[in-house]
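> Following this message is one structure expressed as structure tokens.
Residue numbers (the numbering used here), protein chains in the order written: chain E, 403 to 507; chain C, 121 to 262.
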């Protein structure tokens, strides 16, 4: 497991962060809007957002005069890259297996 | 969401299955793929239900990668595959089918949806790969 995937999974281990991620996935929005409906302070929300951002799951961009959080593709890309490395492992090992069986006589 | 890979082996299905299981440690490229790295001395697969797939290290320690859950010679073997830092194992399903050229070996590595889960809370099973997939697929436009 790569470090970036570890970060992504650790980020998802918290229910508040999972809810934040779902809201951001639904619609990019600024931190003020994201705070609505949560019984915790904006600094606490910002802290959660920072964890999600460091995990490559969300990012911040400027929209007019405000900054909005949006879904980042990094976390997703890392996951596919990891699965691709697993697929490559099986491609190599199955080839090694076929070579072994066909050449051992 | 599964990883799939297949290959044709130009030998009969019985020969191919037996080599895959009984000779696992002879054909597996341990220098290239191992959990123990330089510590790994050998890898073995015990060909029976409940049998282990494990690496043995130079100091005698062992690391169990998985356990055989289905053993149907000469057609199919299923075993679990667990990384040291994962709570939930993934599953490797290998099928051996007779074809005119010899044997078609089809491997499917599945169970990634929960593989990243790092909590003891079973209700949070969807954490990890599953929730990332779900969130990103829901976020796709259209």
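We put the beta carbon where it would ideally sit given N, CA and C, even for glycine.
Since this is a predicted model, take the numbers as computed values, not measurements.
Taking buried to mean at least 16 other C-beta atoms within 10 Å of its own C-beta, is residue 190 (chain C) buried or exposed?
Within the second chain, the letter at position 70 stands for residue 190 (chain C). Exposed, by the Cβ-count rule.
> Compare the Cα-Cα distances from residue 164 (chain C) to each of C:171, C:150 and C:145 and report the closest residue.
As a working mapping, residue 164 (chain C) is identified with position 44 in the second chain. Residue C:145 is the option with its Cα nearest to residue 164 (chain C).
> Which residues in chain C sit within 9 Å of residue 489 (chain E), going by Cβ to Cβ distance?
Your numbering for residue 489 (chain E) matches position 87 in the first chain. Correct list: 123, 124, 125 and 229.
> So residue 227 (chain C) and residue 214 (chain C) are in contact, right, with Cβ under 8 Å, and what is the actual spacing, rounded?
Walking along the second chain from the start, residue 227 (chain C) turns up at place 107. Walking along the second chain from the start, residue 214 (chain C) turns up at place 94. Sure, about 5 Å apart at Cβ, within 8 Å.
> Quick check: what's the CA-CA separation for residue 175 (chain C) versus residue 444 (chain E)?
Taking the first residue of the second chain as position 1, residue 175 (chain C) is located at position 55. Taking the first residue of the first chain as position 1, residue 444 (chain E) is located at position 42. Approximately 49 Å between the Cα atoms of the pair.
> Assuming residue 153 (chain C) and residue 491 (chain E) are in contact, meaning their beta carbons sit under 8 Å apart, how far apart are those beta carbons, in whole angstroms?
As a working note, residue 153 (chain C) is residue 33 in the second chain. As a working note, residue 491 (chain E) is residue 89 in the first chain. About 6 Å; that satisfies the 8 Å criterion.
> Determine, using beta carbons only, whether residue 442 (chain E) comes closer than 8 Å to chain C.
Translated into positions along the first chain, residue 442 (chain E) becomes position 40. No, residue 442 (chain E) does not count as interfacial toward chain C.
> In whole angstroms, what separates the C-alpha of residue 238 (chain C) from that of residue 464 (chain E)?
Along the second chain, one-based indexing puts residue 238 (chain C) at 118. Along the first chain, one-based indexing puts residue 464 (chain E) at 62. A caution first: residue 238 (chain C) carries a pLDDT of 48, below 50, which makes its placement in the model unreliable, though a value can still be read off. Their Cα atoms are separated by approximately 34 Å.
> Please classify residue 125 (chain C): does DSSP put it in a helix, a strand, or coil?
Here the question's residue 125 (chain C) lines up with position 5 in the second chain. Looking at residue 125 (chain C) - three-state DSSP - the assignment turns out to be strand.
> Which of the three DSSP states, helix, strand or coil, is assigned to residue 239 (chain C)?
Here residue 239 (chain C) corresponds to residue number 119 of the second chain, with the count starting at 1. Since pLDDT at residue 239 (chain C) reaches only 45, below the 50 mark, its modelled position is unreliable, and no value is offered.
> Per DSSP, what kind of secondary structure is residue 440 (chain E) in: helix, strand or coil?
What you label residue 440 (chain E) is simply residue 38 of the first chain in a count that begins at 1. Coil, per DSSP.
> On the criterion of 16 or more Cβ atoms from any shown chain inside 10 Å, does residue 452 (chain E) qualify as buried, or is it exposed?
Position 50 of the first chain, counted from the first residue, corresponds to residue 452 (chain E). By the neighbour-count rule (16 or more Cβ atoms within 10 Å), residue 452 (chain E) is not buried but exposed.
> Across which residues does DSSP place residue 186 (chain C) in a beta bridge pair?
As a position in the second chain, residue 186 (chain C) is number 66, starting the count at 1. Looking at the DSSP assignment, residue 186 (chain C) forms a beta bridge with C:173.
> Report yes if the C-beta distance between residue 423 (chain E) and residue 454 (chain E) is below 8 Å; otherwise report no.
Counting from one through the first chain, the residue named residue 423 (chain E) turns up at place 21. Counting from one through the first chain, the residue named residue 454 (chain E) turns up at place 52. In this structure, residue 454 (chain E) lies closer than 8 Å to residue 423 (chain E) by Cβ.
> Of all the CB atoms in chain C, is at least one closer than 8 Å to the CB of residue 457 (chain E)?
Taking the first chain and counting its residues from 1, one reaches residue 457 (chain E) at position 55. No - not a single Cβ of chain C is within 8 Å of the one on residue 457 (chain E).
> What did DSSP end up calling residue 152 (chain C) once you bin it into helix, strand or coil?
On the second chain, position 32 is the one that residue 152 (chain C) refers to. Residue state, collapsed to three classes: coil.
> Let me know if residue 446 (chain E) comes out buried or exposed under the rule of 16 or more other beta-carbons within 10 Å of its beta-carbon.
Counting from 1 along the first chain, the entry for residue 446 (chain E) is found at position 44. Exposed, because fewer than 16 other Cβ atoms sit within 10 Å of the Cβ of residue 446 (chain E).
> At 9 Å on the CB atoms, spell out the chain E contacts of residue 139 (chain C), in chain order.
As a first step, residue 139 (chain C) is located in the second chain; it is residue number 19 there, counting from the start. What residue 139 (chain C) touches in chain E: 499, 502, 503 and 506.
> By the DSSP assignment, the alpha helix (DSSP H) with residue 134 (chain C) in it spans what residues?
Working through the second chain from its first residue, we reach residue 134 (chain C) at position 14. Note, residue 134 (chain C): alpha helix (DSSP H), 133 to 142.
> If we define contact as Cβ-Cβ less than 8 Å, is residue 211 (chain C) a contact residue for chain E?
Counting from one through the second chain, the residue named residue 211 (chain C) turns up at place 91. For residue 211 (chain C), the answer is no, since every Cβ of chain E falls outside 8 Å of its Cβ.
> Does residue 462 (chain E) come within less than 8 Å of chain C when only Cβ atoms are used?
Taking the first residue of the first chain as position 1, residue 462 (chain E) is located at position 60. Residue 462 (chain E) does not count as touching chain C.
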